[in-house]
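Working notes, structure below.
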Amino acid sequence: MAAQRLYRLELEDPKENVFVTQLGGDSNYDGDNVQRYAIVKESADKLLDTGINTLQSTLLLKKEIEVDQVQNELDAKREEFARRMQACTERRVELEKKQQTIKDRIQKFEKFLNENEAKRKRAIQKYQVEHRTREQKTVELELLKQQLAEYQQQNRRLKLLVERYSVFEKFLQLVVERLPEKYLETNDSIIRALMMRHQTLNSTNKRLLKQLHAATDEIENRHQKYLELKQTFEHQLLVYNGKIASKQNKLEAGINKNNALLQELADSSNIKRNQSQLLGQICMAIGNIAEHCQRKHAKPISSLSHVQQLTKIQEFIKEKGEIQKMAKQ
């Protein structure tokens, strides 16, 4: 029913008054104004089912055709993709070959550069070694030239010395001729013996001069030490004189202070002596007064102390005062 609703066959209304004279077949009549219609013999339901089935088959066929077209397109795309993949693979292989070729060229070029760098370093090192060797040889050549010049100058100087000393040789020969026999006990040349004697005397003279210089240096050192000791002694003497002067000043100050103290002691002794004398006089006066104030049959005044004697005098004065008061009354 759903199919009937979806696929409904619409038929035109049957035409009336149609007269059919011939059914199909090969007719040679081609009328321009004749419209041909198929003869339908089935019922409407059957026609409807047949139409639906036909429509479904048509749709299915259409879908199959579309699927075939899509499949053909997909196959074409696959073939194209395969061709492209094959082309990419070939291009990748070719690219890898090119990369390998480039790598090989780069390695060869790097090897070439390394070899050139090594050759350059070896050449620079060789140049530096040769340059240093050349400089050394140049310096050695200059030294040898300088030594040669020095030797030539020394040779000329020695020649001049030989010419100068030839006079002394002649003089020595004359001296030897005038020497007495057996003066020099030697079997060699007399001039050589005389020269050896001169060398001995010269070496002895040098040794004595060396000893003299050593003794002079020793004397100078001892004199310097003497001056240093003298300077040290004078400095110490000045220091000790200063200390002695300071001690003398302190001694004089102590003597003056001692004299002042002795004077004070003497003055204090005189004062004490005067005071003792005055005290003795006072004590004698007290004793005399106490004897006058002493009653009869009392203790002797000499057995009493001065305080007791004064007490006796005070008591005596009080008694006399009371007696005078009583007498006045």
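Under full-length UniProt numbering, the first residue of the sequence shown is numbered 1, with each subsequent residue one higher. Cβ coordinates follow ideal geometry from the N, Cα and C atoms, glycine included.
Separation of residue j from residue i, as counted between CA atoms
i           : j           : result
residue 133 : residue 122 : 16 Å
residue 81  : residue 95  : 20 Å
residue 74  : residue 65  : 14 Å
residue 131 : residue 144 : 19 Å
residue 128 : residue 104 : 35 Å
residue 317 : residue 286 : 13 Å
residue 136 : residue 176 : 55 Å
residue 266 : residue 275 : 14 Å
residue 288 : residue 250 : 55 Å
residue 166 : residue 149 : 25 Å
residue 271 : residue 233 : 55 Å
residue 305 : residue 263 : 35 Å
residue 260 : residue 282 : 32 Å
residue 139 : residue 159 : 30 Å
residue 54  : residue 62  : 12 Å
residue 239 : residue 211 : 41 Å
residue 294 : residue 269 : 36 Å
residue 223 : residue 178 : 50 Å
residue 256 : residue 244 : 18 Å
residue 254 : residue 273 : 27 Å
residue 231 : residue 221 : 15 Å
residue 114 : residue 124 : 15 Å
residue 93  : residue 110 : 25 Å
Buried or exposed by the 16-neighbour rule on C-beta atoms within 10 Å, applied to residue i
i           : result
residue 290 : buried
residue 322 : exposed
residue 23  : Low local confidence applies: a pLDDT of 45 at residue 23 is under 50, so the model's placement there is unreliable, with the coordinate-based value given in what follows. Exposed, by the Cβ-count rule.
residue 107 : exposed
residue 147 : exposed
residue 277 : exposed
residue 312 : buried
residue 309 : buried
6 Å Cβ shell around residue i - same chain, five flanking residues per side excluded
i           : result
residue 326 : none
residue 235 : none
Simplified DSSP state of residue i, which is helix, strand or coil
i           : result
residue 268 : helix
residue 331 : The first residue shown for the chain is 1 and the last is 329, placing residue 331 beyond what the model contains.
residue 173 : helix
residue 146 : helix
residue 294 : coil
Cβ shell of residue i (< 7 Å), same chain only, five flanking positions each side left out
i           : result
residue 219 : none
heavy atom of the ligand HEM below 7 Å from residue i C-beta
i           : result
residue 166 : The ligand content of the structure shown is nil, which means the ligand HEM is not present either.
Nonlocal neighbours in the same chain, by C-beta distance under 8 Å from residue i, ignoring five residues either side
i           : result
residue 324 : none
- Query: Which residue spans inside the stretch 70-127 form an unbroken beta strand (DSSP E) run of at least 3?
  - Reply: none
- Any chance you could list the alpha helix (DSSP H) runs of at least 4 consecutive residues sitting entirely within the stretch 195-220, in chain order? none
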